[in-house]
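If you're matching positions, the sequence shown starts at 1 in the working numbering and goes up one per residue.
We put the beta carbon where it would ideally sit given N, CA and C, even for glycine.
Just so it is clear, the structure is predicted and the values come from calculations on it, not from any experiment.
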Amino acid sequence: MTESPRSVFPADHALARRLAVEAGELLLEVRSALERDGADPKTVKDEGDRRSDDFLMAELAAHAPHGDGVLSEESGATHGDVSRLEAERVWIIDPLDGTREFSEPGRSDWAVHVALVVGGDPVCGAVALPALGTCFSTADDVVDLPPIPDEPRIVVSRTRPPAEADVVREALGGVLVGMGSAGAKTMAILRGEVDCYPHSGGQYEWDSAAPAAVARHHGLHISRLDGSPLVYNNPDPYLPDLLVCRPELAEATLDALATGTG
1 MTESPRSVFP
11 ADHALARRLA
21 VEAGELLLEV
31 RSALERDGAD
41 PKTVKDEGDR
51 RSDDFLMAEL
61 AAHAPHGDGV
71 LSEESGATHG
81 DVSRLEAERV
91 WIIDPLDGTR
101 EFSEPGRSDW
111 AVHVALVVGG
121 DPVCGAVALP
131 ALGTCFSTAD
141 DVVDLPPIPD
151 EPRIVVSRTR
161 PPAEADVVRE
171 ALGGVLVGMG
181 SAGAKTMAIL
191 RGEVDCYPHS
201 GGQYEWDSAA
211 PAAVARHHGL
221 HISRLDGSPL
231 VYNNPDPYLP
241 DLLVCRPELA
251 EATLDALATG
261 TG
């Protein structure tokens, strides 16, 4: 775990965790009510996004320090009158990561992301997995990870697995595992269910900011696919690729991605 900058405080880590957990609890209530009413999947997705975003934006307005910027997938709003591009500290939130999975009854691979970046660095964050009743955050003690199996598990999108995943699978002698949201995939490494998450299918900053902060806090490797750092709060929030993996697999994975061969 890297040391937090002076401009990050214990209260920031606690706030990120509380907001992710409470937004997740709200989403469970929303999904349950809509399912009872027989709502169609689009309504479930839209209402979940809206209700969670409304809650998170209101809580940040009330509790985040004045001068902090905010970037949300849903509202793209700023905190008060401060532009996020002018702020050193910026909260980046995804009120509902994995809307497809959220709209499918019984699926648990969706998440809530709350991150704080300072100078572009993801230093504080929380990823709640509401349907699993758990949350991983930078406020928590570092988890103990189990040994990596003989066939490392590479987690990929269940609908759009990237070609790079096959390169990594071959290089590591592993197997592919399909899963939903980016947050769920990253936290699956901390849950001991998978070992490596290479992504190249296109993402935005809110997709990976909180997962990256939490993963690094717990000792995982985080980077772009070329090994360069993940930098947040850019004018264009498109951040197309990332690699999160067990540190023991980082060198072999990056070498394979660099050469394009297993």
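task: Please confirm if the segment 116-131 is in contact with the segment 84-91, defined as three or more CB-CB distances below 8 Å between the two stretches.
output: Touching, per the Cβ criterion.
message: Helix, strand or coil for VAL194? Go by DSSP, reduced to three states.
response: Against the sequence shown, residue 194 aligns to sequence position 194. Of the three classes helix, strand and coil, the one that applies to VAL194 here is coil, per DSSP.
- request: Specify, as a first and last residue, the run of the alpha helix (DSSP H) that ASP53 falls within.
  value: To locate residue 53, count along the sequence shown from 1; it is residue 53. Note, ASP53: alpha helix (DSSP H), 41-63.
field: Stretch-stretch touch, CB-based, cutoff 8 Å, three pairs: the segment 43-57 with the segment 98-117
entry: In short, these stretches touch, since the Cβ pair count reaches three.
query: GLU205: buried (16+ other C-beta within 10 angstroms of its C-beta) or exposed?
result: Within the sequence shown, numbered from 1, the residue matching residue 205 stands at position 205. By the neighbour-count rule (16 or more Cβ atoms within 10 Å), GLU205 is buried.
query: To the nearest angstrom, how far is it from the Cα of ALA182 to the Cα of PRO237?
result: To locate residue 182, count along the sequence shown from 1; it is residue 182. To locate residue 237, count along the sequence shown from 1; it is residue 237. So the two alpha carbons sit approximately 16 Å from each other.
- prompt: From ARG153 to GLY69, what distance separates their C-alpha atoms?
  reply: Here residue 153 refers to the residue found at position 153 of the sequence shown. Here residue 69 refers to the residue found at position 69 of the sequence shown. The alpha-carbon separation between ARG153 and GLY69 amounts to approximately 37 Å.
- prompt: Can you check whether the CB of VAL44 is closer than 9 Å to the CB of LEU34?
  reply: As a working note, residue 34 is residue 34 in the sequence shown. As a working note, residue 44 is residue 44 in the sequence shown. In this structure, the beta-carbon distance from LEU34 to VAL44 falls below 9 Å.
- prompt: Looking only at C-alpha atoms, which of THR134, GLY180, ARG169, PRO149 sits nearest to THR273?
  reply: Nothing can be reported for residue 273: it is not among the residues displayed for the chain, which extend from 1 to 262.
message: Which complete alpha helix (DSSP H) runs does the segment 65-127 hold, if anything under 4 residues is left out?
response: The segment 65-127 contains these whole alpha helix (DSSP H) runs: 99-102.
field: Given ALA16 as reference, the closest of PRO162, THR138, GLY201 once Cα atoms are compared
entry: For this step, residue 16 is matched to residue 16 along the sequence shown. Ranking PRO162, THR138, GLY201 by CA distance to the CA of ALA16 puts THR138 first.
- request: Counting only the same chain and skipping the five closest in sequence on each side, list residues whose C-beta sits under 8 Å from that of GLY174.
  value: For this step, residue 174 is matched to residue 174 along the sequence shown. Shown here for GLY174: same chain residues with a beta carbon closer than 8 Å to its own, the five before and five after excluded, namely GLU151, PRO152, ARG153, ILE154, VAL168, ASP195, CYS196 in chain order.
- prompt: Does DSSP classify HIS199 as helix, strand or coil?
  reply: The residue labelled residue 199 in the question sits at position 199 within the sequence shown. It is a strand residue.
- prompt: Using the C-alpha atoms, what's the distance from LEU26 back to ASP40?
  reply: Translated into the one-based positions of the sequence shown, residue 40 becomes position 40. Translated into the one-based positions of the sequence shown, residue 26 becomes position 26. Approximately 19 Å, taken between the alpha carbons.
- request: Look up TYR204 in the DSSP assignment and give the residues it is bridged to.
  value: Residue mapping note: residue 204 aligns to position 204 of the sequence shown, counting from 1. Per DSSP, TYR238.
- prompt: When the Cα atoms are used, what is the spatial distance from ALA258 to SER223?
  reply: Residue numbering aside, residue 258 sits at position 258 when the sequence shown is read from its first letter. Residue numbering aside, residue 223 sits at position 223 when the sequence shown is read from its first letter. Whole-angstrom Cα-Cα distance: 13 Å.
message: Quick check on the burial criterion: 16 or more other C-beta atoms within 10 angstroms. Buried or exposed for GLY133?
response: Counting from one through the sequence shown, the residue named residue 133 turns up at place 133. By the 10 Å Cβ count, GLY133 comes out exposed.
field: Buried or exposed by the 16-neighbour rule on C-beta atoms within 10 Å, applied to ARG36
entry: For this step, residue 36 is matched to residue 36 along the sequence shown. Under this definition ARG36 is an exposed residue.
field: 8 Å contact criterion, which PRO247 and HIS218 should meet: CB distance rounded
entry: Translated into positions along the sequence shown, residue 247 becomes position 247. Translated into positions along the sequence shown, residue 218 becomes position 218. Taking a contact as a CB-CB distance under 8 Å, the pair PRO247 and HIS218 does not count as one, their CB atoms being some 11 Å apart.
Buried or exposed by the 16-neighbour rule on C-beta atoms within 10 Å, applied to HIS63: Position 63 of the sequence shown, counting from 1, holds the residue named residue 63. By the neighbour-count definition (other C-beta atoms within 10 Å, threshold 16), HIS63 is an exposed residue.
message: Under DSSP, the alpha helix (DSSP H) around HIS221 begins and ends at which residues?
response: As a position in the sequence shown, residue 221 is number 221, starting the count at 1. Following the DSSP letters along the chain, one finds HIS221 in no alpha helix (DSSP H) but inside the beta strand (DSSP E) bounded by residues 221-223.
- request: With DSSP as the reference, label GLY178 as helix, strand or coil.
  value: To locate residue 178, count along the sequence shown from 1; it is residue 178. It is a strand residue.
- prompt: Going by the beta-carbon positions, is the gap between ALA184 and GLY24 smaller than 9 Å?
  reply: Mapped onto the sequence shown, residue 184 falls at position 184. Mapped onto the sequence shown, residue 24 falls at position 24. No, they are not a contact pair.
task: Tell me whether VAL244 sits in a helix, a strand or coil according to DSSP, three-state version.
output: For the purposes of this step, residue 244 is taken as the residue at position 244 of the sequence shown. DSSP places VAL244 within a strand segment (E or B) once states are collapsed to three.
field: VAL168: first and last residue of the uninterrupted alpha helix (DSSP H) it sits in
entry: Numbered from 1 along the sequence shown, position 168 holds the residue referred to as residue 168. Where VAL168 is concerned, the enclosing alpha helix (DSSP H) starts and stops at 163-172.
query: For GLY260, does the count of other Cβ atoms within 10 angstroms reach 16, so buried, or fall short, so exposed?
result: For the purposes of this step, residue 260 is taken as residue 260 along the sequence shown, with counting starting at 1. Residue environment for GLY260: exposed (fewer than 16 other C-beta atoms within 10 angstroms of its C-beta).
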